[in-house]
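Protein chains in written order, with my numbering: chain A, 2 to 382; chain B, 19 to 304; chain C, 4 to 298. Beta carbons are placed, not taken as given, at the ideal position from N, Cα and C, and that holds for glycine.
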Amino acid sequence: MTSLKKFLRLTAALLPTLGAIGSAWAVDPGTYKIGFVADRTGVVAFAGVSYAQGAQLAVEQVNAAGSLGQGAKLEIVEREGGSDVAKSIQGYNQLIADRNVIATSCCIFSNIAGALKAIALPNKVPLVFYGATMPNLPSLPFVYNVTGLPGLQEIALSKHLVEVLKPKTVAYFVLSDNDAFQARYKASREIFEASGAKTVGVVTALGADTDFTAQATEVISYKPDLIMVYVTQIPASSFIAAVRARGWTGRMATNEAVSPAAVFKKVGPALAGVPFSVGFAADVADSPAGKAFVASYNKKFGADPDVYAAQGFTAMQLIAQGMEKLSGKPTREQLADAMAKLPSIRDDVYGGVNLVNGQVETKQNLFLAWSPEGKIVRWKP
Amino acid sequence: MDNLSDLWATYRSTVAFAMVNAMFALSTYVVLSAGFLSFSTVVFGAMGGFVGAQMVIHGLPLAIVFIVSGLAGLLVSMVVAAVFLRLNSHWMALASLALVLITRVVVLNATTLTGGVNGLGIPMALPLDWLTGILVLTVLAFYALYHSWFGIASRVLREDPSVAACMGVDLRKVQFIAFGISGIVGGVGGAAMAMLLQYISPDTFFLGIAFTMIAATVLGGSYHWFGPVLGAAVYTALPSLMQFIVPSLQDVANGVFLLLIMVFLPRGLIDPRAMRLRRSAKGRSS
Amino acid sequence: MELFASQLLNGLSLGSLYGLFGIGFGLVFATLGILNAAQGCYASWAAIAALVVAERAGLPFPLIMFAGMGAAAVVAVIVDQMGFQPLRARGADMLGALITSIAFWMILDSLAGFATGQQSLSFPPQSYPGQMLLTQPVPLPAMQLIAILALVVVAIGTHLLMTRSAIGSAIRAVGWNPVSAALSGVNSRYVIMLTAALSGAISGLAGTLGGVLTSNVSFTLGQGLMLKGFAAVVVGGYSDVRGTAIAGVVLGILEVFVGQYFSASYRDAFTYSLLLVFLLVKPQGLFGKGSFVRA
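Laid out in structure tokens, this is it:
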């Protein structure tokens with residue numbers, strides 16, 4: 002026999018074994034449940050619905066592609082948390098009591114995230130936060146956070162604004178009863194003051210407020226070169242609208258809360274040209290995975306995905322990619338260990354992320370703004 | 019056996035919340051049974067909650083935590099009683115509601131005690147046996163009170179304050195005692211809630227919990243101490259039951275259920291008067 | 004100086020909304036003895052209804068306002084008949100009414116969230132007078148003037164209704180004692196429904212104007228108005244509409260100035276402490292007449 006024939010015979014003999022090894026890297030066929038605490042009602046429902054939809058899309062795609070193996074499917078089991086801690090805790094406990102739930106995901110509010118983390122850890126359940134913005138939440142191997150931490154984006158945006166606009170006076174509009182925004186405002190203020198910009202005024206509001214004309218009037222009276230807006234979605238949109246309605250045409254900058262399309266629909270062209278930093282925006286997504294995400298989200302839900310949908314999507318990707326590394330009958334601990342070993346998330350919609358100790362960090366910081374026609378574009382001063 | 023333990027694991031936290039809400043409901047009930055609608059349990063709970071949380075953070079033993087929280091609640095309740103009992107009952111409801119609103123502001127600004135806007139994280143989970151023990155103790159105390167001179171005096175007071183006064187009931191004394199009990203139970207309940215949530219903030223002891231406790235009390239029946247306990251259980255379990263309806267309509271289903279109970283049983287689920295009437299009707303017909 | 008005047012105007016306009024809402028809330032509290040937790044929902048729903056009319060029918064602004072008020076009146080009557088009337092019919096005390104109002108608050112807020120797609124919406128720019136009437140010496144948006152005028156008109160109108168008209172006497176009689184009012188020939192059931200409708204319409208007006216002024220039509224609109232309106236009722240004295248109106252305006256102005264010169268966190272402290280002081284020192288409010296004890 003020629004050596005070629007021998008080689009071919011050997012390969013042919015080995016092929017079934019290789020095939021067996023190949024299929025040993027897949028989990029047993031069946032349905033694997035992901036426990037999902039959703040916030041489809043309550044004060045942050047506008048974001049909660051997006052997170053849940055993004056997650057749904059991700060799971061559908063994973064199942065359609067068969068990435069977990071023959072006949073292995075993921076299924077999301079939702080419990081409504083309603084932005085309420087007690088309800089979320091009860092819902093979460095109900096989810097993890099079911100042994101078929103192999104991983105869980107939740108949380109927009111950091112206090113609820115903390116509460117559910119305190120349950121996940123002793124019960125050894127993998128938990129992926131899709132929206133909580135508190136730093137230092139992750140705890141390997143069980144707790145992860147795919148939310149791009151706004152703190153880092155804030156600092157990047159503030160530095161960029163210092164370079165490009167060189168403001169001499171800055172005024173701030175911030176919520177006094179929201180710890181996350183207080184922290185962001187302070188970090189940003191440090192950067193501006195370090196560059197020599199004087200703080201001419203700090204205007205405050207409470208999270209539950211609905212009327213911001215007084216605050217708009219006050220901030221305009223300080224005649225700042227730049228107004229930095231550190232509040233949640235409704236206050237941000239109303240405040241910006243009020244400031245422009247009073248005829249002030251000066252510079253403003255804000256945060257990702259104004260990135261969903263509904264905000265532009267509400268405020269209109271007054272919102273144009275106000276920069277913010279966000280990890281994902283449908284109009285500027287230029288990676289292949291990002292574009293595919295926008296297309297399939299549009300196909301399924303009839304609207305562009307916002308940054309919240311992207312985060313929900315990414316959370317499920319993390320779980321699925323951890324599952325891909327398992328075989329046989331996976332346990333929660335095995336999934337947690339597999340997820341902990343992932344260096345990053347493949348095919349992410351942001352154009353590149355790192356997984357650092359369970360925290361997702363986007364590689365690029367986008368400085369974006371709405372155009373007067375209602376599209377998100379890269380910001381040019 | 020496996021199914022039972024799974025069932026328990028699923029609903030354990032609901033049972034725990036029902037017990038803590040029962041404490042708050044009992045605290046509201048004792049003042050209500052003396053004739054006042056008052057939301058001040060929220061304030062007692064806030065005091066007990068934050069004081070208790072600080073003590074747990076500093077590693078004090080549980081028994082001390084609960085006793086001191088109860089005393090903290092008692093302190094606040096005595097101040098509230100001294101200031102508010104001069105008002106008539108209409109004002110009491112409004113004044114206590116105003117007090118709840120002020121409490122949030124105080125909590126926001128008293129950063130050393132409450133952590134201000136950042137709230138407090140509690141490093142320890144609430145052991146269920148402690149919670150059960152506390153609730154049982156409280157219930158036994160209420161049972162004893164119901165049959166004591168205080169129980170009778172407060173029932174008379176509620177029915178008709180002028181008649182009670184004519185019959186020699188010392189109104190002020192009964193009302194003060196009612197507030198005192200409310201303060202202790204509320205304070206302990208607050209500490210328990212803090213350990214159950216493992217994180218408290220200005221929004222924890224605010225309108226949401228105020229409405230929960232009043233709804234639980236009236237729903238269960240504000241004429242007997244068992245009413246608030248049952249009412250808290252039903253009210254807490256309601257969202258879990260409504261899970262099986264479309265998620266977005268759950269709150270509506272909650273509200274409808276509550277509405278139906280109140281419309282058909284306006285005096286609550288446990289109504290001693292209705293029971294007595296039924297019993298005597300049965301007695302007559304036999 | 005211009006800032007002071009501007010903020011004064013902002014406070015006046017904001018306070019007018021509080022006063023308006025308070026008048027509606029106080030009407031139910033004073034005459035029917037019900038602490039209505041669902042009152043805020045009337046305001047939210049008025050804004051939602053007005054928005055739907057504005058978007059679909061393109062009617063002039065006064066008609067949009069009336070649409071909002073009408074919707075709120077209807078909701079108020081439904082809540083009263085389904086939630087409070089069954090309790091009245093059994094002679095149960097009105098504590099149960101508080102709970103049914105909480106139940107309705109849950110239902111109506113949840114439905115309102117549905118109706119707005121869980122978003123905060125705003126009125127189309129052409130549907131309301133959005134122009135500035137003056138820019139010197141002080142910027143005066145037309146909507147703020149409308150809010151202030153609305154309060155004045157409603158306050159005077161309601162006061163006259165309650166004190167000078169037969170209907171007003173009937174309402175007050177039914178509030179005091181429905182049975183004796185019936186004995187005097189008043190159709191209690193009808194009067195109660197009228198009171199509910201009136202209270203809903205007035206709070207609904209506050210909601211509609213608030214929705215336009217704050218560009219926020221959602222269930223959070225009513226919740227915000229509720230707390231401040233309640234404060235206005237207590238400080239102003241719930242038995243007198245004029246007191247509520249003035250108290251609302253004072254609270255609005257105070258809120259704006261404390262928020263500016265101190266900070267937002269002290270703002271609420273000020274408002275609610277004032278509330279508490281009034282409750283303790285002058286429970287009948289600025290204008291209320293004596294406290295009656297229902298023995």
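Taking 8 Å as the upper bound for CB-CB distance, residue 16/C and residue 150/C are in contact here, some 5 Å apart.
For the 8 Å CB-CB criterion, residue 219/C and residue 211/A form a contact.
For residue 108/A, the three-state secondary structure derived from DSSP is coil.
Around the beta carbon of residue 192/B, 16 or more other beta carbons lie within 10 angstroms, which makes this residue buried. Membership of residue 362/A in the beta strand (DSSP E) is indicated by the continuous run 360-363.
Within its own chain, the residues whose Cβ lies closer than 8 Å to the Cβ of residue 135/C, once the five positions on either side in sequence are excluded, are 142, 143, 144, 145, listed in chain order. Around the Cβ of residue 342/A, a 10 Å sphere holds fewer than 16 other Cβ atoms; the residue is exposed.
Selection 108/A, 190/A, 63/A evaluated against residue 168/A yields 190/A as nearest (Cα-Cα).
With its beta carbon at least 8 Å from every one in chain C, residue 86/A lies outside the interface. With a contact defined as Cβ atoms closer than 8 Å, residue 25/C and residue 262/C miss out at about 20 Å. Distance between residue 138/C and residue 10/C, taken at the CA atoms: about 14 Å. Rounded to whole angstroms, the Cβ separation of residue 144/B and residue 34/B is 7 Å, and the two are in contact under 8 Å. Not flagged as an interface residue toward chain C: residue 259/B, since no C-beta distance is shorter than 8 Å. In this model, residue 35/C and residue 196/B are separated by some 28 Å (Cα to Cα). Annotated three-state conformation of residue 104/B is coil, per DSSP.
Residue range 367-371 is occupied by the beta strand (DSSP E) that includes residue 371/A. About 7 Å separates the beta carbon of residue 278/A from that of residue 155/A, a gap short enough to meet the 8 Å contact definition.
Across the structure, residue 287/B and residue 147/A are spaced so that their CA atoms are roughly 47 Å apart. Judged by beta-carbon spacing, residue 220/B lies beyond the 8 Å limit of residue 117/B, meaning their Cβ atoms are not closer than that value. Put simply, the CB of residue 115/A is near chain B, with a gap under 8 Å to one of its CB atoms.
Listed in chain order, the alpha helix (DSSP H) elements of length 4 or more contained wholly in the stretch 236-300 of chain B are 244-260, 268-282.
Taking a cut-off of 8 Å for Cβ pairs, the stretch 119-135 of chain B and the stretch 230-240 of chain B do not touch, as fewer than three such pairs fall below it.
A Cβ-Cβ distance of about 4 Å is found for the pair residue 248/B and residue 238/B, placing them in contact under the 8 Å criterion. Cβ neighbours of residue 46/A within its own chain (closer than 7 Å, five residues either side excluded): 40.
At a cut-off of 8 Å between beta-carbon atoms, residue 271/C makes contact with chain B. With a threshold of 16 other beta carbon atoms within 10 Å, residue 161/B falls short and is exposed.
The C-alpha of residue 133/A is placed about 7 Å away from the C-alpha of residue 114/A. Using a 10 angstroms sphere on the CB of residue 127/A, the tally of other CB atoms reaches 16 or more, which defines it as buried.
Judged by DSSP in its simplified three-state form, residue 257/A adopts helix. Within chain A, 177, 205 have C-beta atoms less than 7 Å from the C-beta of residue 266/C, given in sequence order.
For residue 221/B, no Cβ of chain C is located within less than 8 Å of the residue's own Cβ. With respect to residue 110/B, residue 54/B sits close: the two C-beta atoms are nearer than 8 Å. Here residue 19/C carries a helix assignment [DSSP, helix/strand/coil]. The continuous beta strand (DSSP E) containing residue 277/A extends over residues 277-279. Beta bridge pairing from DSSP links residue 174/A with 204/A, 230/A. About 38 Å separates the CB atoms of residue 86/C and residue 93/B; that is not less than 8 Å, and the two are not in contact.
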